[in-house]
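Asks:
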Amino acid sequence: MGVWLRLKPRSPLLIGRLKADSAYLVTLPYIPGRVVRGAWAEDRRMAGNAATISAAARQLQIWNFHPIREGMAYSLPLPLSAWTCKRHPGFRPQGHGVLDSLIPRWVYRLLEEGARPPVPFQIVCDVCEDRMTPVGGYYGVSAGGGRARISVPLQFQTKVALSRPRRAAMEGMLYQVTAIAPQEDLAFVGRVHGPPNLIREVEAALTQVGVGALTRRGYGQVQVGRGDPPAYPGLRERVEQFNEIFRKVYEDLARLVPGAPLPEGTFFTIDLLAPGVFREDPLGPPVLWPTLELGGRTLRPVFCITRPTLVGGWSTAWGLPKPVDLAASPGSAYGFRWDPGWGPLDFKALERLEETGVGERTDEGFGELMVCHPFHLEVEPV
Ligand SMILES: [Zn+2]
Numbered sequence: 264m265g266v267w268l269r270l271k272p273r274s275p276l277l278i279g280r281l282k283a284d285s286a287y288l289v290t291l292p293y294i295p296g297r298v299v300r301g302a303w304a305e306d307r308r309m310a311g312n313a314a315t316i317s318a319a320a321r322q323l324q325i326w327n328f329h330p331i332r333e334g335m336a337y338s339l340p341l342p343l344s345a346w347t348c349k350r351h352p353g354f355r356p357q358g359h360g361v362l363d364s365l366i367p368r369w370v371y372r373l374l375e376e377g378a379r380p381p382v383p384f385q386i387v388c389d390v391c392e393d394r395m396t397p398v399g400g401y402y403g404v405s406a407g408g409g410r411a412r413i414s415v416p417l418q419f420q421t422k423v424a425l426s427r428p429r430r431a432a433m434e435g436m437l438y439q440v441t442a443i444a445p446q447e448d449l450a451f452v453g454r455v456h457g458p459p460n461l462i463r464e465v466e467a468a469l470t471q472v473g474v475g476a477l478t479r480r481g482y483g484q485v486q487v488g489r490g491d492p493p494a495y496p497g498l499r500e501r502v503e504q505f506n507e508i509f510r511k512v513y514e515d516l517a518r519l520v521p522g523a524p525l526p527e528g529t530f531f532t533i534d535l536l537a538p539g540v541f542r543e544d545p546l547g548p549p550v551l552w553p554t555l556e557l558g559g560r561t562l563r564p565v566f567c568i569t570r571p572t573l574v575g576g577w578s579t580a581w582g583l584p585k586p587v588d589l590a591a592s593p594g595s596a597y598g599f600r601w602d603p604g605w606g607p608l609d610f611k612a613l614e615r616l617e618e619t620g621v622g623e624r625t626d627e628g629f630g631e632l633m634v635c636h637p638f639h640l641e642v643e644p645v
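Following our numbering, the numbering of the sequence shown begins with 264 at its first residue and continues without gaps.
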């Protein structure tokens, strides 16, 4: 299971991302595992134990720390399949609602395999009938089931370069900073796997060193605590609910759009909570989808909603850049079908997949995933 840590910002956090023109430091809205790992490595280095870092690091899996507000049962990045009304965006009752388009789109694709449907696929707002448009970012679910977007508060600061004229241009670029602003009810929650003594070391390092960039200038201070696992339904329950809704949507749509019969088997998704770096062949080009090894079979997705992004990586603070890879964006959703002829679907193996992640550079937090994101069930606006 691992241990869930909760980080409360006590000063602005600057979580490294350098824009293409290098003129600004703009924070990410979450704390990647590699940044937490960087704080731990820095702490060991300062204690004079640099030589021991790489051996110990292999025992530690640090996932990403996602934003949450006090009182929420859990928070997740919305899948790329989440849509909202173009005219009145947002969750109900403030907006016209947010729904998930993955199951209807996947079902429609299956129907299309039988015959060209007479109507094109579209989803309109059921309040105002305007078009719907993709919506991203994080959302949280309260204990009572209410949903809300989680906006990560930002603060901007322009710092003036010191009086060394020849270097001023370069230093000036470094001092335009957008950081996460601390707020009383804002925290970041993430999972760490490893031996208990190493996990305690990570907690101590976060307290002492802080996270992200400019920690020596007061940025990156966090209060570290342990938390309960997020209260979403268990994996098996999520897969079962997903299949229930999938069949219901198929029956509804098949009445309007006669097409191919529903294939047998269990449908499930792999949803990225962080960027994923994938290659089908270790020396081949990057691809935007994962390949799963499950029950002795190699599975490729039969349905994808994804888009590309670029991922770099930095050592602690603003050290040397790591190679830039083409990656699949967080929120990417991949549909798989498990054929009943292959035997029962191995839920334990799917749970292990959630612990190990998919693709490359998982030690940096890439490829963090969830099987059957609970938001896919929301085929009606919420
Ligand atoms: Zn509307």
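Cβ atoms here follow ideal geometry from the backbone N, Cα and C, with glycine treated the same way.
Assuming contact is defined by CB atoms lying nearer than 7 angstroms, are Gly598 and Thr532 in contact in what I supplied?
Replies: It is a contact, given that the beta carbons lie within the stated cut-off.
Asks: Are Trp303 and Gly490 close, meaning C-beta to C-beta below 7 angstroms?
Replies: No. Outside cutoff.
Asks: Would Arg563 be called buried (16 or more neighbouring beta carbons within 10 Å of its own) or exposed?
Replies: Arg563 is exposed by the Cβ-count criterion.
Asks: Would DSSP call Pro644 helix, strand or coil?
Replies: Correct three-state label for Pro644: coil.
Asks: Does the beta-carbon of Val390, which I'm using as the reference point, lie nearer than 6 angstroms to any heavy atom of ligand 1?
Replies: Yes - ligand 1 has a heavy atom lying nearer than 6 angstroms to the Cβ of Val390.
Asks: DSSP three-state label for Phe451, please.
Replies: Correct three-state label for Phe451: strand.
Asks: Taking C-alpha atoms, which residue in Ala467, Gly279, Gly377, Tyr402 lies nearest to Trp517?
Replies: Looking at the sequence itself, residue 517 is Ala, so the reference to Trp does not match. Minimum Cα distance to Ala517 is reached at Gly377.
Asks: Compute the beta-carbon to beta-carbon distance between Ile331 and Ala450, rounded to the nearest angstrom, for a pair I have assumed lies under 8 angstroms.
Replies: The Cβ separation is near 6 angstroms, so the contact holds.
Asks: May I have the straight-line CA-CA distance separating Asn506 from Ala596, to the nearest angstrom?
Replies: Cα to Cα, the separation comes out at about 16 angstroms.
Asks: Please work out which residues of its chain come closer than 7 angstroms, Cβ to Cβ, to Trp605, disregarding the five sequence neighbours upstream and downstream, and give them in chain order.
Replies: Hits under 7 angstroms: Gly558, Arg560.
Asks: Can you give me the C-alpha to C-alpha distance between Pro469 and Tyr371, rounded to a whole angstrom?
Replies: According to the sequence provided, residue 469 is Leu. The question's Pro does not apply to it. Whole-angstrom Cα-Cα distance: 48 angstroms.
Asks: Which residues bound the alpha helix (DSSP H) around Trp369?
Replies: Counting along the chain, the alpha helix (DSSP H) containing Trp369 begins and ends at 365–375.
Asks: Can we count His359 as close to ligand 1, meaning its CB is less than 6 angstroms from some heavy atom?
Replies: Flag set: Cβ of His359 near ligand 1.
Asks: In the DSSP assignment, what residue or residues form a beta bridge with Asp588?
Replies: Asp588 pairs with Val574.
Asks: Rounded to whole angstroms, what is the Cα-Cα separation between Glu514 and Gly594?
Replies: Answer to the nearest angstrom: the Cα atoms are 27 angstroms apart.
Asks: What three-state label does DSSP hand Asp393 in the structure shown?
Replies: Reduced to three states, the DSSP call for Asp393 is coil.
Asks: Under DSSP, the alpha helix (DSSP H) around Val404 begins and ends at which residues?
Replies: Counting along the chain, Val404 falls outside any alpha helix (DSSP H), though it belongs to the beta strand (DSSP E) covering 401–405.
Asks: Can you determine whether any heavy atom of ligand 1 sits closer than 6 angstroms to the C-beta of Arg394, and answer yes or no?
Replies: The answer is no for Arg394.
Asks: Quick check on this structure: which residue in Gly473, Arg350, Thr347 has the alpha carbon closest to the alpha carbon of Gly301?
Replies: Of the candidates Gly473, Arg350, Thr347, the one whose C-alpha sits nearest the C-alpha of Gly301 is Gly473.
Asks: Can you list, in chain order, the residues of its chain with a C-beta nearer than 7 angstroms to that of Thr396? Leave out the 5 residues immediately preceding and following it.
Replies: For Thr396, where only same-chain residues beyond five positions count, the Cβ hits under 7 angstroms are Trp346, Thr347, Lys349.
Asks: Hey, would you say the C-beta of His329 is under 6 angstroms away from at least one heavy atom of ligand 1?
Replies: False, no ligand heavy atom lies under 6 angstroms from that Cβ.
Asks: When the Cβ atoms of the region 350–357 are set against those of the region 623–632, are three or more pairs found closer than 8 angstroms?
Replies: Segments in contact, no.
Asks: With distance defined between alpha-carbon atoms, name the residue in Ser414, Asp609, Ala411, Pro538 nearest to Leu657.
Replies: Since the first and last residues shown for the chain are 264 and 645, residue 657 lies out of range.
Asks: Cβ of Arg350 within 6 angstroms of any heavy atom in ligand 1?
Replies: Under cutoff, so the answer is yes.
Asks: What residues in its chain sit with their C-beta under 6 angstroms from that of Ala690, if we drop five residues either side in the sequence?
Replies: Missing from the structure shown is residue 690; the chain here goes from 264 to 645 and no further.
Asks: Contact defined as beta carbons within less than 8 angstroms: I believe Val455 pairs with Lys271. What is the distance between those atoms, to the nearest angstrom?
Replies: Their Cβ separation, rounded to whole angstroms, is 16 angstroms, which puts Val455 and Lys271 out of contact at 8 angstroms.
Asks: Mapping the DSSP letters down to three states, classify Gly296 as helix, strand or coil.
Replies: Reduced to three states, the DSSP call for Gly296 is helix.
Asks: Would Gly407 pass as a contact of Asn327 if the rule is Cβ separation under 7 angstroms?
Replies: Result no, Cβ atoms of Gly407 and Asn327 do not sit closer than 7 angstroms.
Asks: Do Val645 and Gly360 have their beta-carbon atoms positioned less than 7 angstroms apart in this structure?
Replies: A contact, by the Cβ cut-off of 7 angstroms.
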